[in-house]
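Written below as C-alpha cells is the structure these notes are about.
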Amino acid sequence: MTVSRYVLQCQLSATRKNPFFAKKLHAQILKTGLDRCEPLPNTLLDAYGKCGLVEHALQLFEELPQRDNISWASVLTACNLANRSQQALVISRSIIKVDMLQPDHFVLASLVKACATVGAVKQGKQVHARFLLSPFWEDDVVKSSMVDMYSKFGLPDSARAVFDSISSVSSISWTSMISGYACNGRKSEAIEMFHKAPHRNLISWTALISGLVQSGNGVDGFYLFIEMQKEGINIEEPLVLSSLVGACANLAALELGKQMHGLVITLGYESCIFTSNALIDMYAKCSDLLSAKDIFYNMCRKDVVSWTSIIVAAAQHGQAEEALALYNKMVLSGIRPNEVTFLGLVYACSNAGLVNKGQELFRSMVEDYGISPSLQHYTCLLDLFSRSGHLDKAENLIKRMPVKPDEPSWAALLSACKRHSDTQKAIRIADDLLNSKIEYPSTYILLSNIYAGAGMWENVSKVRRLMMVNEVKKQPGYSCIDLGKESHVFYAGETSHPMKDKILALMIELNAEMRRIGYVPDTSSVLHDMDQQEKERQLFWHSERLAVAYGLLKAIPGTTIRIVKNLRVCGDCHTVLKLISTIAGREIYVRDAKRYHHFKDGNCSCNDFW
DNA sequence: ATAGGGTTAG
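Under the working numbering, the first residue of the first sequence carries the number 38, and numbering increases by one thereafter.
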C-alpha cells in the first residue's frame, strides 16, 4: 500500500473511532517500514487521539523525529477528547519553550478549548493576546472558540465582544453566545440572541434549554422544549432530554420526571447512558429511591457516574450500609471511583456515624487513587467528625487543612458544638466568626442562638444590629407538596387556601394528639423577641406542617407524602413530622435545602442530624 | 494531515 492510501485509512479509523483498526494500521505501517514517511507520523497520532487511545497518541508524540504545528494540534485534540486538557496546557508550554514553535490557528483553537474546559482564565487571556498578535488574528474559528471560552469563564460580556468582532458568524458561534448568556443567568439576552440567530437546529435549542436549566431556570427550559417540539425539531440525539430530566431533579418534579422518562422510552433512548444516569438522579432527588435503583440495575453498561449517582442517592436517603456495599461492587466491577464518588461515600459515613470507615475512605482516596481533596471533601470529613461528637478532631482539622475553610464550614462546626453542648468551643468559634465578614443569613441566626443559649445578651444584640445594618432578611419559607396531578405551595403563616378551615382543624387535632404523647414545642429556632405562646404560634404555622396536613387530607390514603421545602427544616418541625408519621401511620418525605428526610414510624432517615 | 457550539453524579 502507498503512503496516501494509509493516510486515507487512518482518517477512516479516526472518523469511525475504531481503536482496533488504528492499531492494526500502525502495525502494518511499521511492517512496511513507512512509519517515518510524511505525513504518516502525524496522521497516526491524530487517529490514535480520535479513537480514544490517548496514551498511544502521547507516546507517538514523544517519539516524533520532529514536531510541527500539526503534531501539536493533534496531540491537543487527543488530550481534549480524553478530558486531559490540563495536560494539553502543560505539553503546550514545553512545545513553545523546547520546539520554539509559534502556534497557528489550528493550535490556537485547541489551546483555547483546553483553557475553557479547565477554567484557566489567566492562561486563556494570554492565548487571546498571542492570537491578536499572530498572523491569524482575523480567523473566525479561533474567535468562535474564544466566545465559548469566555462564556465558560463566566464572562459573557467578554464573549460578546469577541462575538461582535467575527466577520462571518456561523451557527457555532451563535450557539456559543446563546449558551454563554443562558448558563450565566442572562435569560432574556439568551432568548433574544436565540431568536435573532439565522439558523436554529437541535444543538442551538439544546444549548439554550440546558443553559437555562443549569442557571436554575428549569421551568423556562420546559416552556422552550414545548416550543421546540411545536416547531417540529426532530430529536435525533437525546442530549436535550438528559438536561430536562436534570431539570426535573432540581425542581423535585416527580410527575414531570416520569413523563420525561416515558418520552425517553418512546423516542428509543432507554439505553443511553447519559439519560439513564440523569434518570437515576432524578428519581433519587424526587425521593423515589426504588425507581432510581430500578433504572440502575437495568442498565446494561454502567459508568462511574451511574455508580456515583446511586451511591449518593443511597447516602442521601440515610442508607449508608447500602452505599458502602454498592461501592464494593463498583470496585469489583472494575470501575475506578473519582472525587465525586468519595464525596458521596464520606457523606454516607457521616450520616451513619461511621467515623473510622469514613476516615479510611478519605485516606484511600488520597493514597490509593491519588485524588487531592478539595474543600468539599474536607467539609465532608469535618461533618463526619462534628456529627459524631469528635469536636476536637474537627477543630484540629479545620485549622490544619490545606484549603481555606469557608463560612459554611465554620458554621457547620459551630452548630455541632451547639448540638454537643460544647459551649466554650462554640463561643470561641462564634467570636471569630463575628469578627469576620458574614455573608449567609443562616450564620447570623446560628450566632444569635449560640449567644442567647450562653446568656451573652450583649453579643446577641450585636448580631441583631449587624443584621439590621447589613439588611439581612430571612427568606420566606415555603413548602411544596406534589400530589401527582396537582401540586401546591404553602408559605409559612398562609391562610388563603380554599381548604384552610379543614387544614386548620386537622392541625389542631394533630397538635392535641402530639401533646398527649408528650410533645413540647422547641422554640429555640424562633428568632424574634416574643413571648412563649407567640413563639409556639409561629412554629404552628410553619409551611411544612400546612403542607403535611393538606397532604393527609388530599393524597390517596396510604401513599407517601412528598414535600419539598426551600429552607432547612427546623428542629421543632422535625420532631413534629416524626410524631405525625406515627399518629397518621404515613410515610412522609421532606427534601429540604440541605438534605432528605424520610419519616416513618416516628423515626427519620437523617438520624436527627441535619 | 491538524481547529470552534449542546447532555449525567457533588
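C-beta: ideal position from N, C-alpha, C; glycine also.
6 Å CB neighbourhood of Glu292 in its chain, flanking five on each side removed:
Gly521
Excluding the five sequence neighbours on either side, which residues of its own chain have a C-beta within less than 6 Å of the C-beta of Leu402, listed in chain order?
It is Met, not Leu, that sits at residue 402 in the sequence shown. Excluding sequence neighbours, Met402 sits near Phe379 and Ile408.
Would you call Tyr260 buried or exposed, if buried means 16 or more other Cβ atoms sit within 10 Å of its Cβ?
exposed
Would you please state the rounded distance, in angstroms, between the beta carbons of Met336 and Ser370? I believe it to be under 8 Å.
Not really, about 12 Å apart at Cβ, beyond 8 Å.
So Ser7 is in the alpha helix (DSSP H); what residue range does that whole segment cover?
Nothing can be reported for residue 7, as the shown portion of the chain is limited to 38 through 647.
Neighbour-count burial assignment, Leu327, 16 or more Cβ in a 10 Å radius
exposed
Just mark His232 as buried or exposed, buried being the case when its beta carbon has 16 or more other beta carbons within 10 Å.
exposed
Given that a residue counts as buried once 16 or more other Cβ atoms are within 10 Å of its Cβ, and exposed if not, what is Gly299?
exposed
Whole-number beta carbon distance between Ser458 and Asp420, since they are thought to touch under 8 Å:
About 18 Å; that fails the 8 Å criterion.
Limits of the unbroken beta strand (DSSP E) element including Asp519
Tyr515 to Asp519
Based on DSSP bridge pairs, tell me the residues matched to Ile600.
Ile518 and Val627
When DSSP labels each residue in this structure, what does Tyr633 get in the three-state scheme?
strand
Tell whether a beta-carbon distance below 8 Å holds between Val440 and Tyr415.
yes
Under 8 Å between C-beta atoms of Leu450 and Glu432
yes
Are the Cβ atoms of Ala385 and Leu361 separated by less than 8 Å?
yes
Under a three-way DSSP split, which group does Cys32 fall into?
Summary: the structure shown does not reach residue 32, with the chain confined to residues 38 through 647, and so no result is reported for it.
Lys54, DSSP secondary structure in three states:
coil
Starting from Trp174, follow the alpha helix (DSSP H) in both directions and report where the run begins and ends.
Where Trp174 is concerned, there is no enclosing alpha helix (DSSP H), given that its DSSP letter is neither H nor E.
Give the DSSP-derived three-state secondary structure of Asn221 in the structure shown.
coil
Using only the alpha-carbon positions, how far apart do Leu590 and Ile540 sit?
8 Å
What three-state label does DSSP hand Lys572 in the structure shown?
helix
Can you check which of these residues, Asn79, Thr154, Asp519 and Val368, is closest to Glu100 by C-alpha distance?
Asn79
According to DSSP, is Asn507 part of a helix, a strand, or is it coil?
coil
Please classify His236 as buried or exposed, where buried requires at least 16 neighbouring CB atoms within 10 angstroms.
exposed
With a cut-off of 8 Å on the beta carbons, I'd call Val606 and Glu581 a contact; round off their distance for me.
6 Å
Does His611 come out as helix, strand or coil in the three-state DSSP assignment?
helix
Pair within 8 Å by beta-carbon distance, Phe200 and Ser208:
no
Using a Cβ-Cβ cutoff of less than 6 Å, which residues in the same chain neighbour Lys394 once the five nearest sequence positions on both sides are dropped?
Cys386
Compare the C-alpha of Arg338 against each of Ile475, Ser182, Thr154 and Phe311 and name the closest.
Phe311
Spatial distance of Trp447 from Arg437 (CA atoms):
13 Å
So within the stretch 42 to 119, which uninterrupted alpha helix (DSSP H) runs reach at least 4 residues, ignoring any that extend past its ends?
56 to 69, 77 to 87, 91 to 100 and 106 to 118
Which residue comes first and which comes last in the alpha helix (DSSP H) that contains His142?
His142 to Val155
Sorted by chain position, which residues of the same chain lie with C-beta nearer than 6 Å to Gln353's C-beta, five sequence neighbours on each side aside?
Tyr633
How far does the alpha helix (DSSP H) with Ser479 in it reach, from first residue to last?
Pro478 to Gly490
Three or more C-beta pairs closer than 8 Å, one from the stretch 516 to 532 and one from the stretch 542 to 550: is that the case here?
no
Beta-carbon separation of Ile435 and Ala467 under 8 Å?
no
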